[in-house]
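Chemist: Handing you a structure now.
The structure is reproduced here in structure tokens:
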């Protein structure tokens, strides 16, 4: 009896110990463990740092970091203490940790710069100081230390600018004028040096400053010790939530026939979650009517050889209809849900009939806006990627993914971004070892990550942000324990599981407090509530789940079925489906989000959402539908940011409602080409974009890049809309997208030609070489357009007679993921009989919507799409159509006029022309002319001045969709809509005219938010009597954007040069040139990778 009692006591003690480990025993009901100690350590550290007692402060800083490793203020204080103690290596390490937590932390970048400067790592220090100033440009100390770093790097002229900026912000700076005098001396400018030294002496006499050290110079707002900003934590007691089995009430008397797996579907897109289920070798729709789920419509047969293990629901062909994959061991069925709830078996058209697996996930692996299927083979030996080629057709593309051919012991597939680059990575769980992690490279394949050494073994995994530090964490479950691996911390937490048997883990927020909870499923069920800093607590009993009949649970389908503001559970058990209602979760609030992808996949799967509400900050990845996010007691969100694959768009002050919030993805280019504005006497008028035909690293197909034509003649205006200002013609060149411009040469060309004629550039976008030489042709209008008819019979004659913005475009365009592509279309043009012996030419004015790398790759992977470039045919008097042997080309970007030379190309007796294309082109006018024998008079002007500076980003005007996106120069956005700009060394701000005077590979490198002001001498000879003048910008250069598919798209380098092989871009080394000294002189400004708001006009660097 005594032994039995002892055994019982030991068991009870073991259970208590396990419970305490899960609970992380708290000191008070409302306070996380260690919170008081953390606040006390931070307060002591601040007090000591403020008194200059860094050695003692270091002890408390370390204690604070040990208690809260992810708290940026704790690490900031630790970095400051190390810096004060002249421990720059340690200070740099802490600053980098902060940047990992928050890359927009200006103080962390400043402290990193100071630490690097102390180590004489000058170029790295420049990068850090410039990044800090991009984030907060009003800190004189940052400019001063940037100047010191430039002196150390030998960038003396740029150092002068930094010290001048220092005294502009702080006129009494004790050392800036002295450093300025030293630099002027080294530059051979004794007078300026003497003046700066005199100013230094004046400052010293007024301030009576004593010895001024580097440590004194470092002190500023960024080195002030912090007290912790309190991050909102969940209430440890929490709201009362219980689950009730309402199966029969919800499913009706025939509930016993409904089996799993199931899928939640909102087929009518109105917030009512219905259910797709299995039943007696069939698939049925249970339609939600006032929270009750009843069968309706016809059933879809489910062959007996298919035993579904999993469902995956999403819009697979971007047509706003949901498809559901029922994944079996070796076969699958794909069911489409129509908007009326009817079902259609579309398996035969998908290529997935014989595809199965034990686990699968949907993801847009190649960033083409279509969801691919990644499936682990049922025998646990391999992984397969079925690429979505559009129109629901999937094909095996495993060999191109970078995944190994064989993965013994593979058990599950999970998709999340582990390294924080907003590109989804692939986790593979295994029965015979720790999970494998494959990181997705931009524009590349998946790569096995070796840093997973030390991860625990476990076949059950899930990944998400559990501690709301905006970084992904990983949970690994095996038969004895649950291990949490905290992202970015190299730390693990362990929860013992005892003898329970689990086979799955699912994540959700059952109590809507804004913290992800988890359920362990299998022969046993355990619900763990997330207590934030206090760990996880087992609430299986508290929520009533322990009273549910014990049964084998395979999966949960979580959604707010009764629309009361909390998430209910449909439970797939060994005996069928059960409905467990969530009672009480709606005492906290929940926001429901419906994503409508346009560039991204239509369902928004893989997209990251960020929520900010008071002290609550959280991030969620859209892994499955529906998207339901708890927000605690907050009734209004400060901001909800959706990080689409191309853009980050925020909505502010959102009222929380039980109704779904529909968020469409704005179709907005983040890459196109630089813009040109011309002074018209009153304002800077938008002209167009330029160098659109000269992209770097732009793929047009797998393994092939667009050939670049770096020379362009762009019409910028005439004597009426391009006027001189104070003796100068002024053009503004801006980079207002996520891209970088490499400008080699720029000059203004004034073209005088007879009135009644047109001066037309030969520049246009071509499919490839040979490119036409950049020339000006004088065209005499030949014939009036009699009739123009689009292929569908629409009369477009009047719209094409003149440039009046009455555009003629395609009758139908492709889905947004194929931006720039249209259903094949044509225009038949009747100018009357065409004399094939005349030097005729077509003059076409219009614009093309660019697809970019994403659109190009999506189109290239659909073999059914036709060659999109325009083609020209001529109809002869016998009614036959003949292809005209010309390369028509297209306008290169926004509205431009292009020329198609027909001299000697038309067959005899030509009567009509037909222009066909599959591009989304909008034509404003089409004119038939002939080449004039009169030669134009050209006057060229190189720039007198080229001032590079920061300007920002213009919003677009609200215009009809048939007009190109047009920026409004008179306004600026507070911040761009994208995450990044190319990172690297760019041309320093100031005068850069020297770089633009000739075609010599010396480049003005202009990055996102920059503006280049070009001034040209306006003293031109007047045009002859009866003539008129047209102005052109003659430019030579390249442009590169940050589209996922662009080669080296996230970096400024490698720099282009004339003679570059585009197919080798990023791999072909740049040769040396005799004039390469320009790089050391001018490339001294570090930019990127974050695209941030420039807060002040003071920000020069």
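In my numbering, the protein residues as written are 51 to 1151. Beta carbons are placed, not taken as given, at the ideal position from N, Cα and C, and that holds for glycine. Model, not experiment: these values are computed from the prediction.
Compare the Cα-Cα distances from residue 757 to each of 959, 818 and 616 and report the closest residue.
Modeler: Position 707 of the chain shown, counting from 1, holds the residue named residue 757. Cα-wise, what sits closest to residue 757 is 818.
Chemist: Using the three-state DSSP reduction, which class does residue 595 fall into: helix, strand or coil?
Modeler: Stepping through the chain shown from its first residue, residue 595 is reached at position 545. Three-state DSSP puts residue 595 in a helix.
Chemist: Could you pull the start and end residues of the alpha helix (DSSP H) that residue 601 belongs to?
Modeler: Stepping through the chain shown from its first residue, residue 601 is reached at position 551. DSSP places residue 601 in no alpha helix (DSSP H); its state is neither H nor E.
Chemist: Checking the sheet assignment: what are the DSSP bridge partners for residue 87?
Modeler: Taking the chain shown and counting its residues from 1, the one referred to as residue 87 is at position 37. According to DSSP, which records beta bridges pairwise, residue 87 is partnered with nothing at all.
Chemist: Beta-carbon separation of residue 607 and residue 589 under 8 Å?
Modeler: Against the chain shown, residue 607 aligns to sequence position 557. Against the chain shown, residue 589 aligns to sequence position 539. No. Outside cutoff.
Chemist: Using the C-alpha atoms, what's the distance from residue 749 back to residue 1113?
Modeler: Position 1063 of the chain shown holds residue 1113. Position 699 of the chain shown holds residue 749. Going by the C-alpha atoms only, they are around 9 Å apart.
Chemist: Enumerate in chain order the residues of its own chain whose CB-to-CB distance from residue 98 is below 7 Å, with the five nearest sequence positions on each side excluded.
Modeler: Taking the chain shown and counting its residues from 1, one reaches residue 98 at position 48. Hits under 7 Å: 106, 107 and 110.
Chemist: Measuring CB to CB, does residue 736 end up less than 8 Å from residue 1016?
Modeler: Counting from 1 along the chain shown, the entry for residue 736 is found at position 686. Counting from 1 along the chain shown, the entry for residue 1016 is found at position 966. Closer than 8 Å, so yes.
Chemist: Residue 746 CB to nearest chain B CB: under 8 Å?
Modeler: Chain labels in this structure do not include chain B; a single protein chain is all it has.
Chemist: Give a yes or no on contact between the region 685–692 and the region 648–665, applying the rule of three or more CB pairs nearer than 8 Å.
Modeler: Because the criterion of three Cβ pairs below 8 Å is met, the region 685–692 and the region 648–665 touch.
Chemist: Compute the distance between the beta-carbons of residue 980 and residue 802, then report whether it is under 8 Å.
Modeler: Along the chain shown, one-based indexing puts residue 980 at 930. Along the chain shown, one-based indexing puts residue 802 at 752. No, they are not a contact pair.
Chemist: Name, in chain order, the residues that DSSP records as bridge partners for residue 373.
Modeler: One-based indexing of the chain shown puts residue 373 at position 323. DSSP lists 364 and 386 as partners of residue 373.
Chemist: Between the beta-carbon of residue 1051 and the beta-carbon of residue 1032, is there less than 8 Å?
Modeler: Taking the chain shown and counting its residues from 1, the one referred to as residue 1051 is at position 1001. Taking the chain shown and counting its residues from 1, the one referred to as residue 1032 is at position 982. No, the Cβ-Cβ distance between residue 1051 and residue 1032 is not below 8 Å.
Chemist: Anyone know if the C-beta pair for residue 509 and residue 481 falls short of 8 Å?
Modeler: Locating residue 509 in the chain shown gives position 459, where the first residue counts as 1. Locating residue 481 in the chain shown gives position 431, where the first residue counts as 1. In this structure, residue 481 lies closer than 8 Å to residue 509 by Cβ.
Chemist: Which residue comes first and which comes last in the beta strand (DSSP E) that contains residue 351?
Modeler: Locating residue 351 in the chain shown gives position 301, where the first residue counts as 1. First-last of the beta strand (DSSP E) with residue 351: 342–351.
Chemist: Going by alpha carbons, who is nearest to residue 504 out of 492, 483 and 488?
Modeler: Translated into positions along the chain shown, residue 504 becomes position 454. Measuring from the Cα of residue 504, the nearest candidate turns out to be 483.
Chemist: Nearest to residue 212 by CA position, among 200, 467 and 1071, is which residue?
Modeler: Stepping through the chain shown from its first residue, residue 212 is reached at position 162. Considering only alpha carbons, the answer is 200.
Chemist: Just reading off the beta strand (DSSP E) that residue 833 is part of, what are its end residues?
Modeler: Position 783 of the chain shown, counted from the first residue, corresponds to residue 833. From DSSP, the beta strand (DSSP E) with residue 833 extends over 826–833.
Chemist: Do residue 360 and residue 377 come within 8 Å of each other at the CB atom, strictly closer than that value?
Modeler: As a first step, residue 377 must be located in the chain shown, where it is residue number 327. As a first step, residue 360 must be located in the chain shown, where it is residue number 310. Yes; because the gap between Cβ atoms is below 8 Å, this pair is in contact.
Chemist: Name the two residues that bound the continuous alpha helix (DSSP H) containing residue 1131.
Modeler: Position 1081 of the chain shown, counted from the start, is the residue given in the question as residue 1131. It spans 1127–1132 - the alpha helix (DSSP H) in which residue 1131 sits, taken as one unbroken run.
Chemist: Look up residue 247 in the DSSP assignment and say whether it is helix, strand or coil.
Modeler: Position 197 of the chain shown, counted from the start, is the residue given in the question as residue 247. Helix, per DSSP.
Chemist: Can you give me the start and stop residues for the beta strand (DSSP E) that residue 9 sits inside?
Modeler: The structure shown does not extend to residue 9, since the chain is modelled only from 51 through 1151, so no value can be given for it.
Chemist: Where residue 759 and residue 724 are concerned, what is the direct C-alpha to C-alpha distance, given to the nearest angstrom?
Modeler: As a position in the chain shown, residue 759 is number 709, starting the count at 1. As a position in the chain shown, residue 724 is number 674, starting the count at 1. Straight-line Cα distance between these residues: approximately 15 Å.
Chemist: Using the beta-carbon count (16 or more within 10 Å), is residue 834 buried or exposed?
Modeler: Position 784 of the chain shown, counted from the start, is the residue given in the question as residue 834. Exposed: under 16 other Cβ atoms inside 10 Å.
Chemist: Nearest-angstrom Cα distance between residue 1136 and residue 180?
Modeler: Here residue 1136 refers to the residue found at position 1086 when the chain shown is read from its first residue. Here residue 180 refers to the residue found at position 130 when the chain shown is read from its first residue. C-alpha separation (whole angstroms): 6 Å.
Chemist: Do residue 807 and residue 839 have their C-beta atoms within less than 8 Å of each other?
Modeler: Within the chain shown, residue 807 is the residue found at index 757, counting from 1. Within the chain shown, residue 839 is the residue found at index 789, counting from 1. Cβ distance not < 8 Å, so residue 807 and residue 839 don't count as in contact.
Chemist: Measure the alpha-carbon distance for residue 545 versus residue 1018 and round it to whole angstroms.
Modeler: Residue numbering aside, residue 545 sits at position 495 when the chain shown is read from its first letter. Residue numbering aside, residue 1018 sits at position 968 when the chain shown is read from its first letter. For residue 545 and residue 1018, the distance between alpha carbons rounds to 57 Å.
Chemist: On the DSSP bridge assignment, give the partners of residue 778 in chain order.
Modeler: Position 728 of the chain shown, counted from the first residue, corresponds to residue 778. Looking at the DSSP assignment, residue 778 forms a beta bridge with 775 and 1067.
Chemist: Over the uninterrupted beta strand (DSSP E) stretch that includes residue 1036, give me the two end residues.
Modeler: Taking the chain shown and counting its residues from 1, one reaches residue 1036 at position 986. First-last of the beta strand (DSSP E) with residue 1036: 1034–1036.
Chemist: Considering only the beta carbon of each residue, do residue 828 and residue 984 sit closer than 8 Å?
Modeler: Along the chain shown, one-based indexing puts residue 828 at 778. Along the chain shown, one-based indexing puts residue 984 at 934. Yes, the pair counts as a contact, with Cβ atoms nearer than the cut-off.
Chemist: Give me the residue from 493, 473, 500 and 471 with the minimum Cα distance to residue 485.
Modeler: Here the question's residue 485 lines up with position 435 in the chain shown. Nearest in C-alpha terms to residue 485, of all of 493, 473, 500 and 471, is 500.
Chemist: Expressed to the nearest angstrom, what Euclidean distance is found between the alpha-carbon atoms of residue 701 and residue 1029?
Modeler: Counting from 1 along the chain shown, the entry for residue 701 is found at position 651. Counting from 1 along the chain shown, the entry for residue 1029 is found at position 979. Distance between the alpha carbons of residue 701 and residue 1029 is about 16 Å.
Chemist: When you compare only the Cα positions, how much space is there between residue 1063 and residue 998?
Modeler: Position 1013 of the chain shown holds residue 1063. Position 948 of the chain shown holds residue 998. Cα-Cα distance, rounded: 6 Å.
Chemist: Is DSSP giving residue 464 helix, strand or coil here?
Modeler: As a first step, residue 464 must be located in the chain shown, where it is residue number 414. Residue state, collapsed to three classes: strand.
Chemist: Measuring only the C-alpha atoms, how far is residue 667 from residue 406?
Modeler: If you number the chain shown from 1, residue 667 lands on position 617. If you number the chain shown from 1, residue 406 lands on position 356. Roughly 39 Å between the two C-alpha positions.
Chemist: Smallest Cα separation from residue 957: which of 933, 940, 942 and 946?
Modeler: To locate residue 957, count along the chain shown from 1; it is residue 907. Of the listed residues, the one whose Cα sits closest to residue 957 is 933.
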